[in-house]
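See structure below.
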Amino acid sequence: MNLVLPRVLTAVVLIALGSLVGWIVGSVGGWPVAGAVGGAIAAAVTAAAVDARRAHRLMAWLREPSDLPAPRGTGLWGEMGYRFERVLRGGQRRAQAERERLAEFLSAIEASPNGVMMLDAHERIAWCNSQAADHFGIDPERDRLQRVTNLVRAPAFVNHMQQGDFAEPVVFPSPRGQANLSVLVRPYGGGMKLVLSQDITASERTDAMRRDFVANVSHEIRTPLTVLAGFVETLATVPLTTAEQPRVLELMRQQTDRIQSLVDDLLTLAQLEGSPRPPADRWLALDPLLARVRADGSVLSAGRHPVECRVQAGCQVAAVETELHSAMANLVSNAIRYTPAGGRIDIEWRVRESDGCGEFEVRDQGIGIAREHLPRLTERFYRVDGSRSRDTGGTGLGLAIVKHVAQRLGGTLEIQSEPGKGSCFRLVLPAARVRAALVEGSDPVASTEQEAAGVPSAAVSERAA
Ligand code: ADP
168 MNLVLPRVLT
178 AVVLIALGSL
188 VGWIVGSVGG
198 WPVAGAVGGA
208 IAAAVTAAAV
218 DARRAHRLMA
228 WLREPSDLPA
238 PRGTGLWGEM
248 GYRFERVLRG
258 GQRRAQAERE
268 RLAEFLSAIE
278 ASPNGVMMLD
288 AHERIAWCNS
298 QAADHFGIDP
308 ERDRLQRVTN
318 LVRAPAFVNH
328 MQQGDFAEPV
338 VFPSPRGQAN
348 LSVLVRPYGG
358 GMKLVLSQDI
368 TASERTDAMR
378 RDFVANVSHE
388 IRTPLTVLAG
398 FVETLATVPL
408 TTAEQPRVLE
418 LMRQQTDRIQ
428 SLVDDLLTLA
438 QLEGSPRPPA
448 DRWLALDPLL
458 ARVRADGSVL
468 SAGRHPVECR
478 VQAGCQVAAV
488 ETELHSAMAN
498 LVSNAIRYTP
508 AGGRIDIEWR
518 VRESDGCGEF
528 EVRDQGIGIA
538 REHLPRLTER
548 FYRVDGSRSR
558 DTGGTGLGLA
568 IVKHVAQRLG
578 GTLEIQSEPG
588 KGSCFRLVLP
598 AARVRAALVE
608 GSDPVASTEQ
618 EAAGVPSAAV
628 SERAA
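Numbering (my numbering), first residue to last: 168 to 632.
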């Protein structure tokens, strides 16, 4: 209202001025009234033209608002320009904030490890994240607004979509065939659907491994238990002669030893899996440990093999003694068990000059292993020759334990073998977990099993922190 009055007054003043000027000009020619009327009309027309021009400029700005400010000025049009611009800029700010929120929301969905796809009411792809694109083998841009069942043609998925019962997820192989997908469909809004996909290949593999493991353990325990049960039954019904008794008891002892070894190895594995990594700053002197490993090997071999031991003395390793002993003892025990009598066994510990890594190496001249078995040797219960392994007291878990110990220390297990010629197993420990002794003028210590078990001591310096 307060904008209308000044406008009316301005118009009145302009028309009055026009008439005055017209009257003055008209008086000169002797027609003052006509001059006043003409002047008033001219003033009104000029005011209307200026008004129309300002309205036109504002309309032009409103039709295509740019970043430039709205046409301003005084009066009604200036005020309208200012107000329109404020409303427009407010709307633009809100739209920008909405766009940013949507972008954040979409990037959060994009970060999801699972696939997310939105379908419209006609089951056409409205949007999907890159995981879903990967799972279903589609292109998020190119395949937008394509019917999902035209692109994902797995029969299980197509049936699932047709039946419309989405209570349970559907499982099918991904179109590219590298993975198994579990897909859950959730209807929402007006007939739209959210499709959530998950790659379950790894969890299925873990489940299968767990099932295999339980089946293997049960099988390993059942066999000696069956033998023991047979003996117990025999003892209960048939009285043994004094000559038979020791043989039967020895056979029973062998079976209980078998179960005992299996349970021990299972417990070792469980402990390796369930406990934190050994601290990197708790140092263990290696010489007594290596002496024990060598002595254990000699007892196991019972003089059937020449056991050569070459040890770089005075080293320390950041490891847990029981774990490292278990790994080393397993390698030595394997070498002895898979090497016929007379075959030579070489045990060596050294710190590599080149990079400071520690190497525990066991070489044998035993039966060796065919190349195709090598990648699977460290799997639990994997045996090249099951009966030889069992006959020599093997559980099939030894190398799995060695690999676990190596991994926990950040090291590796290297295996070289040739059938009929022998094998070399090398446990490599990283330099950060190995300290070598600095003994001036001394060579690595070489010894054979015939040597005394005494171990030379030496000053220890930190080779690698
Ligand atoms: P096991 O208790 O059966 O010895 P391991 O896990 O220690 O189990 O070894 C797995 C398999 O690897 C063994 O069954 C054996 O066939 C093979 N193997 C391991 N060490 C040697 C070796 N030094 N020489 C030949 N074969 C070996």
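Don't be surprised by glycine CBs; every beta carbon is placed ideally from N, CA and C. This one's a predicted model, so the numbers in the text were calculated from it and none came from an experiment.
- Message: Here's a check: name, in chain order, each residue in its chain whose Cβ is nearer than 7 angstroms to the Cβ of G608, leaving out the five neighbours to either side.
- Response: Model confidence at G608 stands at a pLDDT of 44, short of 50, so the residue's coordinates are unreliable and nothing is read from them.
- Leaving out five residues before and five after S493 in sequence, what residues of the same chain have Cβ atoms less than 7 angstroms from its Cβ? Excluding its 5 nearest sequence neighbours in each direction, S493 has C-beta neighbours in its own chain below 7 angstroms: T435, I568 and V572, listed in chain order.
- Item | 7 angstroms CB neighbourhood of G313 in its chain, flanking five on each side removed | Rather than Gly, the amino acid found at residue 313 in this sequence is Gln. Around Q313, the same chain offers R291 and I292 as residues with beta carbons nearer than 7 angstroms, after the five sequence neighbours per side are excluded.
- Identify, in the order they occur along the chain, each residue of the same chain with its Cβ nearer than 6 angstroms to the Cβ of L544, setting aside the five sequence neighbours on each side. If we look at L544 and ignore the five residues flanking it on each side, its Cβ neighbours are L566.
- Item | Contact between the segment 474-485 and the segment 510-529 (3+ Cβ pairs under 8 angstroms) | Counting Cβ pairs under 8 angstroms, three or more are found: they touch.
- Task: Using a threshold of 7 angstroms, state whether the C-beta atoms of I305 and L318 are closer than that.
- Result: At the C-beta level, I305 and L318 come within 7 angstroms of one another.
- Task: Compute every distance between the C-beta of G533 and the non-hydrogen atoms of the ligand ADP, then say whether any falls below 6 angstroms.
- Result: At least one heavy atom of the ligand ADP lies closer than 6 angstroms to the C-beta of G533.
- Task: State the DSSP-derived secondary structure class of R378, mapped to helix, strand or coil.
- Result: Of the three classes helix, strand and coil, the one that applies to R378 here is helix, per DSSP.
- Which of helix, strand or coil DSSP assigns to V474: DSSP places V474 in strand when its eight states are reduced to three.
- How would you label P611, buried or exposed, when you count the other beta carbons within 10 angstroms and need 16 or more for buried? Interpretation of P611 is limited by its pLDDT of 44, a score under 50 that renders its predicted location unreliable; no figure is taken from the coordinates.
- Could you confirm whether any beta carbon from chain C is found closer than 7 angstroms to the beta carbon of L187? Of the chains in the structure shown, none is chain C; there is only one protein chain.
- Per DSSP, which residues does Q583 bridge with? Please list them. For Q583, which the question treats as bridged, DSSP gives the partners C591.
- Message: Quick check: what's the CA-CA separation for W516 versus E528?
- Response: Separation of W516 and E528 (C-alpha to C-alpha, rounded to the nearest whole angstrom) is 6 angstroms.
- Message: DSSP three-state label for R550, please.
- Response: Three-state result, R550: coil.
- Query: From which residue to which residue does the beta strand (DSSP E) around W516 run?
  - Reply: Run containing W516: I512 to V518, per the beta strand (DSSP E) assignment.
- Task: Could you give the DSSP three-state label for Y505: helix, strand or coil?
- Result: Residue state for Y505 is assigned as coil, using DSSP reduced to three classes.
- Query: Is it the case that the CB of V551 approaches a heavy atom of the ligand ADP more closely than 6 angstroms?
  - Reply: Within the chosen limit of 6 angstroms, the ligand ADP reaches the beta carbon of V551 through at least one heavy atom.
- Message: Using a Cβ-based criterion (distance less than 6 angstroms to any ligand heavy atom), does G561 qualify as near the ligand ADP?
- Response: The answer is yes for G561.
- Query: Exposed or buried, what is S364 when buried is set at 16 or more other beta-carbons lying within 10 Å of its beta-carbon?
  - Reply: Buried, by the Cβ-count rule.
- Query: Between A671 and the ligand ADP, is the CB less than 6 angstroms from at least one heavy atom?
  - Reply: It is not possible to answer for residue 671, since the shown part of the chain is limited to 168 through 632.
- Message: Between the segment 577-597 and the segment 497-508, can you find at least three pairs of beta-carbon atoms closer than 8 angstroms?
- Response: In short, these stretches touch, since the Cβ pair count reaches three.
- Message: At a threshold of 6 angstroms, does Y505 count as lining the ligand ADP (C-beta to nearest heavy atom)?
- Response: Yes, the Cβ of Y505 comes within 6 angstroms of a heavy atom of the ligand ADP.
- Message: At a cut-off of 6 angstroms, would you count N501 as near the ligand ADP, judging by its Cβ distance to the nearest heavy atom?
- Response: It does: the Cβ of N501 is within 6 angstroms (strictly closer) of some heavy atom of the ligand ADP.
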